[in-house]
Amino acid sequence: FDADRFNNYLKTLNDEVTVIEALKNMKIAVVDDNPFFLDVVEKFFSLREIKNVEYYEESRAFLRAKNDFDLCFIDLVMPVYDGEVLVRHVRETNNDTIIIIITGYNNEKSITHCLNVGADDFMLKPLDFIVFMSRINSCINRHRLDQELKKNNERLFELATRDTLTNIYNRTYFMDAYKRKMAEALRTKESFSLLLLDIDHFKNINDEYGHLKGDYVLKETAALLSQNLRKSDVLCRWGGEEFLVLLNSADINKAAIVAQNMRTLVEQNKLQGVRSITASFGVIEYSLAVDAEKNFTLLDNSLYLAKSVGRNKIIC
Ligand code: GH3
Ligand code: MG
Ligand code: MG
Ligand code: MG
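Going by our numbering, the sequence shown opens with residue 32, and the numbers climb by one from there.
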C-alpha cells in the first residue's frame, strides 16, 4: 500500500475527497477471512480518519451483527459462510446498504451470483486503492441517485393517486383497486360491495359559509370516513362532494351496516362553525352476473333514489 501515491492522487481529485467525507458519515463493515487484507484496509481507513468501521475475520460473527451498515465490503470466499450467503442475509432486511464484493479469485459464476442476489459491485484483489476509491465513489453516487429516484417515484405515486384537498385516494387509484378486485372476485367468488355517498345540499354549505368552509367540511368528512373503515377497504373522493368506498369481503348485509354507521357518523359529526350535514347513500353488492359498468349504473340509481326519497337515506 503506497500511502504517498494515494495521497498525491487524492489531492488532484475532488471526487475522492467527497467520497471520503461521505465515508466518515457511514457505518461500514469489512468481512474477510484474510487477516492481512483486513490489516491493509484498516490502515487505509485509519489513515483517512474513517473510524466507523467494523472488521470481521469470521463471517459467522458478521451474520450475528446488527444489520444496519451503510456500506459492506464482503469477501467472496470464506471458510464458514461465503459472500453470497452474507449478501442474501443483508438483503433480507436491508435494501439500502451498499454491498461491494471483494475477491481474490476472478470467479465469474460466484461474482454473478452475488450481483444477482443484491451486491452492488465487485472488486478484485489485490486492491488498487485508487480504483477502490473510484468504485466506492460510483457506488455511493449511484446509490444516491437510486434513493432520489425512489423518493421521487413515491412522491409521484402519491400525487397521481391522492386527492389534493382531502388526501384520500382519487378516482384513478380507486379504479385500479376496483379492477383488481373484480378479477379476484371472478376467481374466488367472494362478495364485495360498493358504497357511494353524496353530501346533501352541499351547495347550500358553500353559499352560507363560503367555499373555504365548504373545503373544510369535505376534509373533515373524508377523515371521518377513512377513520371508520377497515384497512382493506378503499375509500376515494369520487367527485366534488361524493365519496366512493369499496368494501372488501362484504355482502349487501354487511355493507348496509357500514352505511348505517356512516350515515349516523356524518349526521353527528361536530364541525367547527358549520351546522351539521347529512349524506345520502347508495349501496350495492357487486354482481358477477353483469359487467362493471352496469354495477356502477345500479349504484348510481340507488343513490339517486336515496336523494329522491328525502335525503339522509340509504338505498341498498
Ligand atoms: P344534493 O343534495 O342533491 O347532492 O345537493 P348538492 O347541493 O349537494 O349537489 P350539487 O351537485 O347541486 O352541488 C354540489 C356542490 O358541491 C356544488 C359545488 O360547488 C360543490 N363543490 C364541489 N367540489 C367542491 C370543492 O372542492 N370545494 C367546495 N367548497 N365545494 C365543492
Ligand atoms: Mg477469503
Ligand atoms: Mg350533494
Ligand atoms: Mg353530487
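For every residue, glycine included, the Cβ atom is placed at its ideal position computed from N, Cα and C.
Residue nearest to residue i in terms of C-alpha spacing, selected from the options
i    : options                : result
K74  : A150, M109, E251, F160 : F160
N137 : L249, E273, M154       : M154
R175 : D101, E139, L296       : D101
D151 : L158, P157, T143       : T143
K262 : I130, N279, D63, L275  : N279
A320 : C267, K220, V289, A337 : K220
F68  : N126, L158, K97, T49   : L158
E239 : V340, Q258, S307       : S307
I131 : Q258, C103, M213       : C103
H168 : A337, L217, T49        : Sequence check: residue 168 is Asn here, not His. Ranking the options by Cα distance to N168, first place goes to T49.
L275 : G241, D331, K244, A281 : D331
S311 : K82, R36, L329, Q291   : Q291
A281 : W269, D264, R268       : D264
M164 : F37, K325, T328        : F37
K82  : P66, I51, A96          : I51
N65  : N98, A34, P110         : P110
N284 : L226, S257, W269, R119 : L226
Y204 : L277, F327, D63        : L277
R211 : A323, L243, I236, V340 : A323
D99  : V116, D127, L117       : D127
A337 : L228, A34, V162        : L228
Q258 : K234, V289, V340       : V289
A191 : F233, V340, D207, E179 : D207
R193 : G270, K55, S333, K234  : G270
Span of the beta strand (DSSP E) around residue i
i    : result
S311 : 310 to 316
T134 : 129 to 134
K107 : Contrary to the premise, residue 107 reads as Leu rather than Lys in this sequence. Segment: none, L107 is in no beta strand (DSSP E) and carries neither H nor E.
D113 : No beta strand (DSSP E) holds D113; DSSP gives it neither H nor E.
D207 : Careful: D207 lies outside any beta strand (DSSP E), inside the alpha helix (DSSP H) at 202 to 219.
L225 : 224 to 230
Neighbourhood of residue i by C-beta distance below 8 Å, restricted to the same chain and skipping five residues each side
i    : result
A287 : V314, I345, C347
Y247 : L302, Q303, V305
T309 : I230, D231, R294, V297, E298, R342, N343
T134 : D106, L107, V108, G114, S141, I142, F153, M154, L155, K156
A96  : A60, E85, Y87
I162 : In the sequence on display, residue 162 carries Val and not Ile. Result list for V162: M154, in chain order.
N326 : L225, I315, Y317, S318
Own chain partners of residue i with C-beta closer than 6 Å, once the 5 adjacent residues on each side are dropped
i    : result
A27  : Lying outside 32 to 347, the shown extent of the chain, residue 27 is not represented and no answer is given.
V71  : F32
N300 : L255
R1   : Residue 1 lies beyond the stretch modelled for the chain, which goes from 32 to 347, so this question has no answer here.
F6   : Only positions 32 to 347 of the chain appear in this structure, which leaves residue 6 out of reach.
L260 : L266
Q57  : Sequence inspection shows Met at residue 57; the Gln mentioned does not correspond to that position. Excluding positions up to five away in sequence, the list reads D101, L102.
R381 : There is no way to answer for residue 381, as the model of the chain reaches only from 32 to 347.
I129 : L102, D151, C170, H174
T124 : N98
Endpoints, the alpha helix (DSSP H) within which residue i is located
i    : result
M164 : 160 to 192
L243 : 242 to 258
M154 : No alpha helix (DSSP H) contains M154, which is instead part of the beta strand (DSSP E) from 152 to 155.
S141 : 139 to 147
S339 : 323 to 339
Contact belief for residue i with residue j at Cβ below 8 Å, rounded distance in angstroms
i    : j    : result
A53  : E85  : With 8 Å as the limit, A53 and E85 do not qualify as a contact, their Cβ atoms being about 18 Å apart.
E272 : I230 : 4 Å
N201 : R119 : That belief does not hold up - the Cβ atoms of N201 and R119 are roughly 39 Å apart, past 8 Å.
L146 : V62  : Between V62 and L146 the Cβ distance is about 17 Å, and since that is not below 8 Å, they are no contact.
Residues of its chain near residue i, where Cβ-Cβ distance is below 7 Å and the 5 sequence neighbours each way are ignored
i    : result
Y112 : S90, R91, L94
L249 : L196, T197, E272
A216 : F223, Y317, L319
N237 : G245
A34  : L78
Could you give the uninterrupted runs of the beta strand (DSSP E) lying entirely in the segment 265 to 311, keeping only those of 3 residues or more? 265 to 270, 273 to 278
Mind pulling the alpha helix (DSSP H) runs of 4 or more residues that sit fully within the segment 45 to 89? 45 to 55, 66 to 78
Neighbouring residues (CB closer than 7 Å to any heavy atom of ligand 5): With respect to ligand 5, the structure shown offers nothing to examine, as its ligands consist of ligand 1, ligand 2, ligand 3 and ligand 4.
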